[in-house]
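Following: one structure in structure tokens, then a few remarks.
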Amino acid sequence: MTAPNANNVSVGKPHGEDDRYAGGFWYGIKSKVTVPTDAVTALDENFVDGGYLGDDGVTNSVDRDTTTVTAFGGDTVLNVTASKTETFQFGMLETSRDVMAFVYGADNVSGTDDAFVVKHNAKDNPHLVDVFEFAMTGDRVKRIVIPDGQVSDLDDVSYADGDAIVYTPTITAYPDSAGNTAYEYIAKVATGTSAQAEAAGLAVYDDESAPSLEKAAVSDSSTEAADSGEASTEATA
Numbered sequence: 004m005t006a007p008n009a010n011n012v013s014v015g016k017p018h019g020e021d022d023r024y025a026g027g028f029w030y031g032i033k034s035k036v037t038v039p040t041d042a043v044t045a046l047d048e049n050f051v052d053g054g055y056l057g058d059d060g061v062t063n064s065v066d067r068d069t070t071t072v073t074a075f076g077g078d079t080v081l082n083v084t085a086s087k088t089e090t091f092q093f094g095m096l097e098t099s100r101d102v103m104a105f106v107y108g109a110d111n112v113s114g115t116d117d118a119f120v121v122k123h124n125a126k127d128n129p130h131l132v133d134v135f136e137f138a139m140t141g142d143r144v145k146r147i148v149i150p151d152g153q154v155s156d157l158d159d160v161s162y163a164d165g166d167a168i169v170y171t172p173t174i175t176a177y178p179d180s181a182g183n184t185a186y187e188y189i190a191k192v193a194t195g196t197s198a199q200a201e202a203a204g205l206a207v208y209d210d211e212s213a214p215s216l217e218k219a220a221v222s223d224s225s226t227e228a229a230d231s232g233e234a235s236t237e238a239t240a
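Sequential numbering from 4 applies to the sequence shown in the numbering used here.
Now the structure itself:
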């Protein structure tokens, strides 16, 4: 029996490749992407980045209805699963063409990244491959893969002074050919920046450098400052 280990206790922070700190959600057309089968292999380039997510993170719910078999005399002798539904709900903060295509369906979005039209109607959303990635404590990452997901619900979208516009879809996960609605892949990843880790495509975060929105903000500010400094130097030269 495994002894209790505090390193197995974790929080869920968004994780991504190429120093990407925030978000942690991607989606792809089933016929155009390779479904991931582990926690660390780089995602297919045809996956679409879902952008920043709300600070409530991702809620994974499983609703299981059971039928109870009772014996003569009143004892419960069997519980049989009658139905099971698995969903994932999260808020999307960006009003972009890619986000609108996910929320409302790609066929309902037209135009360019700078000017686009979103049509609201009763058409069903397409079935997609959905991926969430989280950086965990203890130098681990978790990748949740939904091989057959569909946006089945959308919370009210509020427009109010001082509040961010948030689109909160619910993904219903349907069984794949093996009868599974989702897969969780968890892996210990390399720490530091070794050539072996980079060659293997492993994440190189440790607990101190695990991604977070706060670090993303600091990183972005530092990058902007550096870019500004370089521009000033070039201008002076």
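Note that CB positions come from ideal geometry on N, CA and C, so glycine has one too.
query: For ASP156 and SER99, the rounded distance between their alpha carbons; result: 19 Å
query: Three-state class that DSSP yields for VAL134 in the structure shown; result: strand
query: Nearest-angstrom Cα separation, counted from ILE149 out to ALA242; result: The requested residue 242 does not occur in the structure, where the chain is confined to residues 4 to 240.
query: C-alpha gap between PHE137 and ASP68, whole angstroms; result: 29 Å
query: Through-space distance from ASN183 to ASN63, alpha-carbon basis; result: 15 Å
query: Whether TYR188 touches ALA42 by CB criterion (8 Å); result: yes
query: 8 Å Cβ cutoff met for VAL154 and ASN128; result: yes
query: Residue burial classification, LEU81 (beta-carbon count within 10 angstroms, cutoff 16); result: exposed
query: Sufficient close CB pairs (3 or more, under 8 Å) joining the stretch 25–34 to the stretch 70–77; result: no
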